[in-house]
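Per the working numbering, residue 643 is the first one in the sequence shown, and the count goes up by one each step. Worksheet: one structure, shown below.
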Amino acid sequence: MQTIPDNYFTAYRNLKLTRDEDGVLVVQFHTNGGPLTFTAEAHTEVVDAFYRISQDRANKIVILTGAGGDFMTGVDWASFKDVSDPDVWSQIHDEGVQVLENIANIRVPVIAAIEGRAHIHSEYVLLANVIVAAEGATFHDMGHYAAGVVPGDGIFTTWSYRAGAGRAEAFLLNAQPITAAVAREWGVVAEVVSNGQALGRAQELARQYLKAPEVARRNTRIHFIWPLKQRIVQEVGYGLSLEGASAAALVKAMQAGS
């Protein structure tokens with residue numbers, strides 16, 4: 643059976659893709675080799691990247707990680723232009739739904755290796771089967787309620803699924819990060835390791851998972867992600883509509899204030 647060619651590996655400015663001879667694909671989010679500041683360009687790139695990754699049967703295990711000691715640290719708000727414009731938000735809405743569906747459609751085990759700050763789009767991380775976090779890792783949602791908009795892009799769906807609705811609501815309403823230790827206590831993080839060791843441990847786990855037959859690996863991921871995938875399909879489009887309305891209201895208030 644033919645597989646998708648590797649040319650998509652070099653197609654993205656904000657994602658570094660490397661795959662070893664065993665088919666373990668490492669997806670590293672970055673901005674110029676350092677921690678990723680999320681932009682409109684990155685928002686578009688991740689949709690295509692995860693679609694291609696999910697379709698490529700040469701990928702046997704997928705590891706998500708960041709660069710420069712962090713996962714994702716901030717947002718370039720200006721790059722998204724006028725989010726109160728329905729045409730602008732329509733694209734944000736569609737891409738926001740599609741990227742989560744595409745990650746959920748990855749049909750091999752997914753591991754997240756988190757160092758430092760996972761302060762933006764931690765819902766990507768929570769779509770992994772297993773999260774390995776360094777002791778110094780922190781989880782936060784600085785891009786939604788803390789910034790004045792609804793956390794509707796799937797971050798509530800994923801955190802409530804992994805940690806429970808009560809914890810998720812308190813976490814998303816309170817503009818404070820939580821530590822890797824707390825995330826492990828909540829059942830979100832599987833392992834906490836020494837700083838600098840998260841990716842190495844994820845690669846060790848990948849070697850363990852590769853010992854299972856391929857169909858077993860693929861079907862286990864499909865089975866495990868299905869309940870969360872259903873919630874993504876049911877909730878995220880609606881959530882992003884609510885988020886869009888709140889973003890428009892925030893822009894209106896800021897314009898009135900200026």
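Note that CB positions come from ideal geometry on N, CA and C, so glycine has one too.
- With contacts defined as CB atoms closer than 8 Å, V792 and V750 fail to qualify as a contacting pair.
- Between R863 and M896, the alpha-carbon positions lie close to 44 Å from each other.
- Here Q850 is exposed. Its C-beta has fewer than 16 other C-beta atoms within 10 Å.
- Using a Cβ distance threshold of 8 Å, V741 and I734 do not count as a contacting pair.
- Inclusion of I773 and V831 in the CB contact set at 8 Å is warranted, their separation being smaller than that value.
- Annotated as proximal: A770 and V752, with beta-carbon spacing under 8 Å.
- Taking C-beta atoms under 8 Å as the contact rule, T715 and I762 qualify, at a distance of about 7 Å.
- DSSP places T800 within a helical segment (H, G or I) once states are collapsed to three.
- K853 carries a coil assignment under DSSP once its states are collapsed to helix, strand and coil.
- Distance between A760 and A788, taken at the CA atoms: about 15 Å.
- In chain order, L769, I867, L870, K871, I874 place their CB closer than 8 Å to the CB of A746, counting only its own chain and leaving out the 5 sequence neighbours on each side.
- DSSP places L870 in the helix class (H, G or I) of the three-state scheme.
- Rounded to whole angstroms, the gap between the alpha carbons of T800 and E765 is 6 Å.
- For G758 and D727, the gap between their C-alpha atoms comes out near 34 Å.
- The criterion of a C-beta distance shorter than 8 Å is not satisfied by G665 and K723.
- Separation of E683 and V767 (C-alpha to C-alpha, rounded to the nearest whole angstrom) is 20 Å.
- Under the three-state reduction of DSSP, Q818 is assigned to coil, being neither helix nor strand.
- Contact annotation, T681 with V668: C-beta distance approximately 21 Å; criterion of less than 8 Å not satisfied.
- Assignment of A844 by DSSP, reduced to helix, strand and coil, places it in the helix class.
- E687 and G886 have their alpha carbons spaced roughly 20 Å apart.
- Under the three-state reduction of DSSP output, E833 falls in the strand class.
- Bounds of the beta strand (DSSP E) holding L667 are 666 to 671.
- Under the DSSP definition of a beta bridge, F680 partners with V717.
- Of the candidates F798, L882, S696, A858, L882 places its Cα closest to the Cα of V730.
- Non-local beta-carbon contacts of E737 in its own chain, meaning distances under 7 Å to residues more than five positions away in sequence, involve H685, T686, V689 in chain order.
- The beta-bridge partner set that DSSP reports for T686 is empty.
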